[in-house]
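Asks: Dropping a structure here in structure tokens format, bear with me for questions.
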Amino acid sequence: MVKSKIESPQTVFIIDDDEAVRKSLAMVLEMAGMRVATYDSAETFLAEDLSRCNGCAIVDMFMPGRSGLELQQHLIDNDIALPIVFLTGHGEIPMSVAAIKHGAEDFLVKPITVEKLLPVIQASLAKSELMQAKIKRQQEVKSRTLKLTQREWEVLRLTTEGFSAKEIARDLNISFRTVEKHKSSLLLKTGAKNMLDLLSDVLTSGALNEDDLGLSLKAE
1 MVKSKIESPQ
11 TVFIIDDDEA
21 VRKSLAMVLE
31 MAGMRVATYD
41 SAETFLAEDL
51 SRCNGCAIVD
61 MFMPGRSGLE
71 LQQHLIDNDI
81 ALPIVFLTGH
91 GEIPMSVAAI
101 KHGAEDFLVK
111 PITVEKLLPV
121 IQASLAKSEL
131 MQAKIKRQQE
141 VKSRTLKLTQ
151 REWEVLRLTT
161 EGFSAKEIAR
171 DLNISFRTVE
181 KHKSSLLLKT
191 GAKNMLDLLS
201 DVLTSGALNE
211 DDLGLSLKAE
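Under the UniProt record's numbering, the first residue of the sequence shown is numbered 1, with each subsequent residue one higher.
Take a look at the structure:
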């Protein structure tokens, strides 16, 4: 079966096997101007192409098939950045606390009031925006590092490890002036304003992990 692709605009994904709950939540959120998509199980949701998933999810803690916690773990294992708000009954609160520790944004105890629902979802969507911006920035940084030569890559790696230009020159058996030229080239190719910004970008993006990037470093 061909998976359908979730579009990139922010969406609140409601995943609950109770049709009445899905419809009531969807109605409230749509009246608040939010885009909503509903699913009757974790499996139905995971059948989508989640590569462009953007927004947040309201997930029932217990559903037939894969549970809410299992869905959460699947998203974590597959690096899918999607804030989750769990729906829970009073007797399930301890488990909901465990879900929070694993990264869930919040949990809502049934029955849910509009006053409690909307602020939680709005906060989750705001966090999603920040997460998506971070992901985009990381992808840009990784893309730019593909332009680096092997020597530039070596200079960058040693700089992140705290070596001075003189120490790098000695370690690589090149001149201090050549190190500075490589640093200037690094800034030009990556679009960074200065080395401090570049170091921050590559460290937070994981761009120094050559295996993850699948880099084939170009000869100098």
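Idealized CB from N, CA, C, for every residue including glycine.
What first and last residue would you give for the alpha helix (DSSP H) that runs through residue 223?
Replies: This structure cannot speak to residue 223, because the chain is shown only from 1 to 220.
Asks: Applying the 10 Å Cβ sphere with the 16-neighbour rule, what's the burial state of residue 162?
Replies: Under this definition residue 162 is an exposed residue.
Asks: State the Cα-Cα distance for the pair residue 192 and residue 149, rounded to the nearest angstrom.
Replies: Spanning the two alpha carbons is a distance of roughly 17 angstroms.
Asks: Give every residue of the same chain whose Cβ lies closer than 8 angstroms to the Cβ of residue 35, excluding the five residues on either side of it in the sequence, and list them in chain order.
Replies: The residues are 9, 10, 11, 12 and 55.
Asks: Against chain D, with Cβ distances strictly below 8 angstroms, would residue 43 count as a contact?
Replies: Judged by its chain identifiers, the structure shown contains no chain D, having just a single protein chain.
Asks: In this structure, what does DSSP give as the bridge partners for residue 59?
Replies: Per DSSP, 15 and 86.
Asks: Which ranges would you report for the alpha helix (DSSP H) in the UniProt domain "HTH luxR-type" (141-206) if only whole runs of at least 4 residues count?
Replies: You should have 150-160, 165-172, 176-190 and 195-205.
Asks: Do residue 57 and residue 100 have their C-beta atoms closer together than 8 angstroms?
Replies: Contact: no.
Asks: Cβ of residue 156 within 8 angstroms of Cβ of residue 186?
Replies: Their beta carbons are under 8 angstroms apart, which means residue 156 touches residue 186 by this criterion.
Asks: Distance check for residue 105 and residue 124, CA to CA, integer angstroms please.
Replies: Going from the Cα of residue 124 to the Cα of residue 105 covers about 7 angstroms.
Asks: First and last residue of the beta strand (DSSP E) that includes residue 106?
Replies: That run of the beta strand (DSSP E) goes 106-109.
Asks: With a threshold of 16 other CB atoms inside 10 Å of the CB of residue 144, please say whether the residue is buried or exposed.
Replies: Buried, since its Cβ has 16 or more Cβ neighbours within 10 Å.
Asks: Tell me the rounded alpha-carbon separation between residue 63 and residue 72.
Replies: The alpha-carbon atoms of residue 63 and residue 72 are separated by roughly 13 angstroms.
Asks: For residue 201, count the other beta carbons within 10 Å of its own beta carbon; 16 or more makes it buried, fewer makes it exposed. Which is it?
Replies: With 16 or more other Cβ atoms within 10 Å, it is buried.
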